[in-house]
Structures are given as C-alpha cells and as structure tokens.
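In structure tokens:
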C-alpha cells in the first residue's frame, strides 16, 4: 500500500514517551529481572524498528515478536539483542531461526523432532533456542500437563541441536480486578515448573498487566507490551502504578468547508440531515486508513473544540460538524490534545466497543508515521 505522504493525515509517534515508559518500569524491577520490549504487529501500529530503537534507548534488553518475519525485520535493521518469537513457527524454518540467533516458542515434542531434522540436514552449527510454552488457562498454545513437559525437557537435554533457554505462560485476566482466574493460572504454572528437572535461564509470565499489577509473580523477564506505548492494559479499570505516557497522536486537516441548508444530507445512505446554516468540514481519513466506518458520532478536535463526525465514514474521507466556519487547512486532532480537550485511543475504543490495542494495530500503513 502506498504511504500518503502528500496529504496531512499523519500519526506522530513520540519516541521519548516509549523510552520513558520503559525506564519507569525498569526502575521497579529487581536486579535479576530483564525487560523485553514487545514490538509485534509493527510495534502495535507504531512502527516496529523505530519503537525497538526507542525501547533499547530506555533500557530494554531484548524484544518479543509474534512471527518469524517480524524477528527477521529487526535483525535486518541491525538489532543484535535477543529476540523471542512468541507465536508458533513452522518447523521448516528451524535452521533460519537458529542461523539468526532467534529464540522461538515451542508447544510440542513433535515440533522439536521435526525442527531437529531440519537443523541437522542443513548443517546448521547454531543451536536452536527454545522457550517452552505452557497453557495454564489461556487456551491458546502450550503444554498442559507435567508428564508432557518432562518428556520435552528430557528430549532437549539429549539433543545436540537445541538449547532450553526459557519457559513461559500467558495470563488471561491479569488486567482484571477479579483475581480468581489469575491465581488459578499461577498455581498451574508453578506446578508445571516444579516438575522440571532443571530450570532454564528464563522463566517468564509477565505481560504488561502482570508487570504493572502482579509484581509478586516469580518471573525474571518482563514482556512489556501495550504499557510501553502509554496505554493502560485494563482500559482504565485498574489504575496504573505510574503515569503512562501515550506515544501516538493522530491528526489531519479540514480540506473542504461548506455551509448547509436545512435538510441537506451527508454521507452514504444519507444518514445525517443538516440544520439550516450548519458548517460541515471534510477530513481526508477513512476506513481504508483504519478510521473505522462505525466511528460515526465520535468527536474530533478542531481549535480545541469537540466536533462530531456526521454521516457514514467513507473509504478515504469523513465529514464533521463544525462550530463555525474555519479555514481549509485547519488542523483536526483525531487522537491527542488540543487546548484543554483530549481524545485518547481508549475513547475511540470505548465508542467502538473494543480495546485500544485493536485501534492502534488497525491504523493502516497508508497513514505515515512521523517520529518525534
């Protein structure tokens, strides 16, 4: 997709905000605990390479991604720090993983046996670094019973191609006030860990929510994700222990202004009818940019004043009701601050009945990211 550098719809990414959020979390960690910055999904829509650099500046020791290609992107960009691929990768690429000194999540003995053949057959001299995933209640990937974990551990200990670098789980409700499920998962994890003959260098359970609100968990690696971008993992249900600094600001402009007559309609389906004399502005952003069609009714900011999106959002444009006539080229804040008003990614998520993760990740590549 072409990047829209010749229009004024832009996502500004504050690299200092990312570094600051990382620094604030590191201050709370014990000396033996490291922080890996989670930069999957193009850095949650913020830009993986630039975010990784900002996180490294803030003190991150390594990175987490979801797929092999994201890890290779970081290596190509010159990052030599440890990188953990949290998702499952086809065993066919085991030698590529090993050659690039990447760590990878593993959920079965079958995967290890297939990966071992690939590494051996291709004469790869680098060992395959693995982190065994444990499913303690997320129901996604991972080993569930001690016997299976012991079998995998025994196989790795005999393997000449594989190094048991870590073991981990993921909590489903670390961002919830109700801790029952969290406690149950923690107990299952501890039972599985106790069944190991020898513990690997890294034992980790802490995503952003766990790091913020469950510091008592025995984990020597923090997988710092959404909080690094300045967003509360709970959506504001739980109060963060320190001020998170949002990293993303989205702005555009009013590129066309018109005064409406009574009954004039706006947008596909004619879902909005104007009042006499209303001023309406057109903004060059639409659902092809990730500014979703059902954001009709959401506010944006113009001159520090809230202006409602009226009519259905188009693929490339949307319309807003202005408080008065403004000049074409006037800035429109979709996410960010203007004078005493503020619109957050959480506000957008609340309007859509979803989570801010989805909004940030859904911002299309057509919207340029400018780093400040």
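Numbering (full-length UniProt numbering), first residue to last: 1 to 372. The beta-carbon is built from N, C-alpha and C at its ideal position, and this holds for glycine as well.
Residue range of the beta strand (DSSP E) that residue i falls in?
i, result
"residue 259", "256-259"
"residue 11", "10-13"
"residue 168", "162-168"
"residue 204", "202-204"
"residue 36", "34-38"
"residue 282", "279-283"
"residue 131", "128-133"
"residue 63", "62-65"
"residue 322", "318-322"
"residue 249", "248-253"
"residue 371", "369-371"
"residue 175", "First-last for residue 175: undefined, no H or E at that position."
"residue 89", "Element bounds for residue 89: n/a, residue is neither H nor E."
"residue 2", "First-last for residue 2: undefined, no H or E at that position."
"residue 222", "221-224"
"residue 341", "341-343"
"residue 302", "299-302"
"residue 305", "305-310"
Let me check understanding here. Comparing Cα to Cα, which of the options lies closest to residue i?
i, options, result
"residue 191", "287, 13, 84 and 168", "168"
"residue 268", "218, 299, 319 and 220", "319"
"residue 199", "183, 338, 111 and 149", "149"
"residue 172", "140, 145 and 151", "140"
"residue 218", "158, 245, 34 and 3", "34"
"residue 302", "337, 138 and 311", "337"
"residue 86", "234, 66 and 99", "66"
"residue 240", "266, 250 and 175", "175"
"residue 23", "227, 284, 354 and 236", "227"
"residue 223", "321, 244 and 60", "60"
"residue 125", "152, 246, 97 and 283", "97"
"residue 322", "25, 194 and 283", "283"
"residue 103", "68, 137 and 79", "68"
"residue 354", "370, 276, 235 and 2", "235"
"residue 156", "352, 135 and 112", "112"
"residue 233", "123, 213, 372 and 209", "209"
"residue 309", "231, 351 and 122", "351"
For residue i, which residues in the same chain have their Cβ closer than 6 Å to its Cβ, ignoring the five residues on either side in sequence?
i, result
"residue 260", "274, 278 and 280"
"residue 374", "As displayed, the chain neither begins before 1 nor continues past 372, which places residue 374 out of reach and without an answer."
"residue 19", "54, 57 and 58"
"residue 64", "36, 38, 84, 86 and 223"
"residue 334", "250 and 300"
Mark residue i as exposed unless 16 or more other C-beta atoms lie within 10 angstroms of its C-beta, in which case mark it buried.
i, result
"residue 142", "buried"
"residue 40", "buried"
"residue 242", "exposed"
"residue 197", "exposed"
"residue 229", "buried"
"residue 221", "buried"
"residue 324", "exposed"
"residue 248", "buried"
"residue 42", "buried"
"residue 262", "exposed"
"residue 30", "exposed"
"residue 15", "buried"
"residue 177", "exposed"
"residue 344", "buried"
"residue 6", "exposed"
"residue 78", "exposed"
"residue 13", "buried"
"residue 270", "exposed"
Which residues in the same chain have their Cβ closer than 7 Å to the Cβ of residue i, if we skip the five residues on either side of it in sequence?
i, result
"residue 8", "252 and 253"
"residue 4", "366, 367 and 368"
"residue 119", "94, 95, 98, 128 and 161"
"residue 188", "136 and 137"
"residue 357", "44 and 226"
"residue 265", "272 and 273"
Is the beta carbon of residue i within less than 7 Å of some heavy atom of the ligand GTP?
i, result
"residue 242", "With respect to the ligand GTP, the structure offers nothing, as it holds no ligand at all."
Can you tell me where the alpha helix (DSSP H) holding residue i begins and where it ends?
i, result
"residue 182", "180-194"
"residue 245", "From DSSP, residue 245 is part of no alpha helix (DSSP H); its letter is neither H nor E."
"residue 147", "146-158"
"residue 75", "68-76"
"residue 120", "109-121"
"residue 99", "94-99"
"residue 359", "356-361"
Item to check | Cβ contact (3+ pairs, closer than 8 Å) linking the region 286-297 and the region 313-323 | outcome: yes
Checklist entry - Can we say the region 122-132 touches the region 159-166, given the rule of at least three CB pairs closer than 8 Å? => result yes
Checklist entry - Is there contact here, the region 250-260 with the region 327-339, by at least three beta-carbon pairs under 8 Å? => result Yes: the two stretches touch, three or more of their Cβ pairs being nearer than 8 Å.
Next on the checklist: Does the structure place the region 72-79 close enough to the region 105-112 that three or more beta carbon pairs sit under 8 Å?
Outcome noted: no
Next on the checklist: Under 8 Å: do the region 201-208 and the region 176-184 share three or more Cβ pairs, one atom per stretch?
Outcome noted: no
Checklist entry - Does the region 44-51 touch the region 88-102, meaning 3 or more C-beta pairs lie closer than 8 Å? => result Short answer: they don't touch.
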